[in-house]
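S.K.:
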Amino acid sequence: MDLSLSTRTVGDRTVVEVGGEIDVYTAPKLREQLVELVNDGNYHLIVNMEAVDFLDSTGLGVLVGGLKRVRAHEGSLRLVCNQERILKIFRITGLTKVFPIHTSVDEAVSATD
Numbered sequence: 001m002d003l004s005l006s007t008r009t010v011g012d013r014t015v016v017e018v019g020g021e022i023d024v025y026t027a028p029k030l031r032e033q034l035v036e037l038v039n040d041g042n043y044h045l046i047v048n049m050e051a052v053d054f055l056d057s058t059g060l061g062v063l064v065g066g067l068k069r070v071r072a073h074e075g076s077l078r079l080v081c082n083q084e085r086i087l088k089i090f091r092i093t094g095l096t097k098v099f100p101i102h103t104s105v106d107e108a109v110s111a112t113d
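If you read the sequence shown in UniProt numbering, its first letter stands for residue 1, the second for the next number, and so on.
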């Protein structure tokens, strides 16, 4: 399966809609998107993973790298995920302590840092 990416702006946040699989083959595409957004001055990102079917360690690394990039600009990176199998990966790796994880884009947009 491939990776689909699209972006939209909601208030002062940039929402990255991600679908499909984030793995060793598709993660570079997501990395490029996050780097491009930060380079363009978008420092408050929401990665919507509601349509993600699979996430591996390479994908986790891309998300952590994205978080480091936005934090260098006093920004934030929030995740939207409501699939138990994906949430379990964040719990097992301890990344629930690193990323704010929300159940909807609206919730992520209205959350305060």
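We put the CB at the ideal spot given by N, CA and C, even for glycine.
Since the model is a prediction, treat every value here as computed from it, not as a measurement.
Please state whether the Cβ-Cβ distance between Val109 and Val18 is less than 7 Å.
M.R.: no
S.K.: Taking the beta carbon of Val24 as the centre, do at least 16 other beta carbons fall within 10 Å, making it buried, or is it exposed?
M.R.: exposed
S.K.: Find out if the Cβ-Cβ distance for the pair Thr15, Ile46 is shorter than 7 Å.
M.R.: It should be pointed out that residue 15 corresponds to Val in this sequence rather than to Thr. In this structure, Ile46 lies closer than 7 Å to Val15 by Cβ.
S.K.: Measure the alpha-carbon distance for Arg78 versus Arg13 and round it to whole angstroms.
M.R.: 10 Å
S.K.: Going by beta-carbon coordinates alone, are Phe54 and Glu21 separated by less than 7 Å?
M.R.: Yes, the Cβ-Cβ distance between Phe54 and Glu21 is below 7 Å.
S.K.: Could you give the C-beta distance for Val80 and Asn48, rounded to a whole number, given that I count them as a contact under 8 Å?
M.R.: 4 Å
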